[in-house]
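Presented below is the structure to which this report refers.
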Amino acid sequence: MPIAPRGSIGIAAHHKQKGNLLHGLCWSLPDMKELIAFDLDGTLAESKQPLSDAMAQALARLLAVAHVAVISGGDWPQFDKQVASRLPAPADLSRLWLMPTTGTKLYTHQDGAWSPVYAELFDETRKQEILTAFDAALEAAGFVPEQTWGERIEDRGSQITFSALGQQAPIHAKEIWDPDFAKRKIIQADLRRRLPGLSINMGGATSIDITREGVDKGYGLKKLRDASGIALDAMLFIGDAIFPGGNDYPAKELGLDTVRVRDPQETLSVIDAIVACQK
29 MPIAPRGSIG
39 IAAHHKQKGN
49 LLHGLCWSLP
59 DMKELIAFDL
69 DGTLAESKQP
79 LSDAMAQALA
89 RLLAVAHVAV
99 ISGGDWPQFD
109 KQVASRLPAP
119 ADLSRLWLMP
129 TTGTKLYTHQ
139 DGAWSPVYAE
149 LFDETRKQEI
159 LTAFDAALEA
169 AGFVPEQTWG
179 ERIEDRGSQI
189 TFSALGQQAP
199 IHAKEIWDPD
209 FAKRKIIQAD
219 LRRRLPGLSI
229 NMGGATSIDI
239 TREGVDKGYG
249 LKKLRDASGI
259 ALDAMLFIGD
269 AIFPGGNDYP
279 AKELGLDTVR
289 VRDPQETLSV
299 IDAIVACQK
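FYI, our numbering numbers position 212 of the sequence shown as 240, with every residue one higher than the one before it.
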């Protein structure tokens with residue numbers, strides 16, 4: 029049976045009941061994908077929180093039938109806290125590809141440990157230009173939160189990330205600050221004027237990520253293709269920000285089949301459906 033045309037799924041999981049989701053995925057993907065790629069915050073876990081026990085077990089089941097990749101804006105320490113340290117012992121980690129800072133870094137599990145495959149970093153001059161632009165854009169936008177928790181701008185080497193309420197903000201505060209992305213779209217537009225030639229995308233609950241031009245999740249997924257040898261049309265991408273301006277949207281623009289989810293609970297349903305399709 030021929031595989032579904034690329035980009036043909038593109039469903040929002042919450043638009044389907046669980047049974048219909050299972051039927052829809054199995055029908056759309058008669059030849060199951062070799063690799064399932066995920067966004068992290070808002071998709072596999074709440075913002076900056078570790079995987080739940082249920083999600084960790086679900087990923088272990090998925091790793092038994094497919095390669096799995098996680099690509100997100102956080103740096104390796106955050107990936108280690110949220111994902112790598114949470115997976116149960118039976119999980120086949122040799123099939124897991126972890127891609128911090130929007131895919132400008134790649135880690136794989138070899139000889140019992142996680143090791144970097146590559147890392148692409150900003151030089152110091154470019155970093156300073158970005159930090160200066162952030163200060164100016166935030167002042168121009170006038171979005172001054174009443175309270176912040178920790179640093180608002182984080183240098184991740186290959187990515188500079190702005191977190192409106194600070195890196196340690198509680199989930200409830202993040203959820204109510206910019207639920208419709210309206211505030212960040214204004215800041216994003218200002219930054220794009222100040223920093224031509226850089227990629228500026230919204231991610232997580234309160235974040236804006238800046239990477240080199242052309243560096244987005246589409247770029248990271250192409251790097252993953254090269255490193256893994258798995259073709260793009262053999263990948264499925266799952267995320268909560270698959271819309272224009274969202275940092276998951278480049279996966280759809282690249283031509284991958286995609287599933288948009290609302291939250292980690294819906295992601296669990298999608299994973300269950302994918303695993304069931306293999307039985």
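Beta carbons are placed, not taken as given, at the ideal position from N, Cα and C, and that holds for glycine.
Item: Taking only the alpha-carbon atoms, compute the straight-line gap between S80 and A73 and give it to the nearest angstrom.; Value: 7 Å
Item: Quick one: residues in its chain with C-beta nearer than 6 Å to the C-beta of S181, no 5 flanking neighbours on either side, listed in chain order?; Value: Strictly speaking, residue 181 in this sequence is Ile, with Ser absent from that position. Cβ neighbours of I181 beyond the five flanking positions: F162 and F190.
Item: Hey, could you find the ends of the alpha helix (DSSP H) W142 is sitting in?; Value: Counting along the chain, W142 falls outside any alpha helix (DSSP H), though it belongs to the beta strand (DSSP E) covering A141 to A147.
Item: Grouping DSSP H, G and I as helix and E and B as strand, with all else coil, what is H42?; Value: Note that H42 scores a pLDDT of 49, beneath 50, so its modelled location is shaky and nothing firm can be said.
Item: With a CB to CB cut of under 8 Å and the five nearest residues on each side skipped, what residues in its chain are close to F107?; Value: L68, V98, S100, L126, P128 and Y135
Item: Measuring CB to CB, does K61 end up less than 8 Å from A94?; Value: yes
Item: For A92 versus P116, is the C-beta distance shorter than 8 Å?; Value: no
Item: For S113, which of I199, G131 and H137 has the nearest alpha-carbon?; Value: H137
Item: Assuming L63 contacts A304 under a Cβ cut-off of 8 Å, what Cβ separation, rounded to an integer in Å, is found between them?; Value: Going by Cβ atoms, the distance from L63 to A304 rounds to 18 Å, so no, they are not a contact pair.
Item: Please name the residue in G273, S256, V289 and G257 whose C-alpha comes closest to that of F265.; Value: V289
Item: On the criterion of 16 or more Cβ atoms from any shown chain inside 10 Å, does E174 qualify as buried, or is it exposed?; Value: exposed
Item: Work out the CA separation of L260 and E241 for me, nearest whole Å.; Value: 21 Å
Item: Going straight from the alpha carbon of I302 to that of P105, what length do you get?; Value: 29 Å
Item: Identify every residue that forms a DSSP beta bridge with D69.; Value: A73
Item: Could you name the residues of the same chain whose beta carbon sits closer than 6 Å to that of I26, not counting the 5 residues immediately before and after it, in chain order?; Value: The shown model of the chain, from 29 to 307, leaves out residue 26, and the question about it has no answer.
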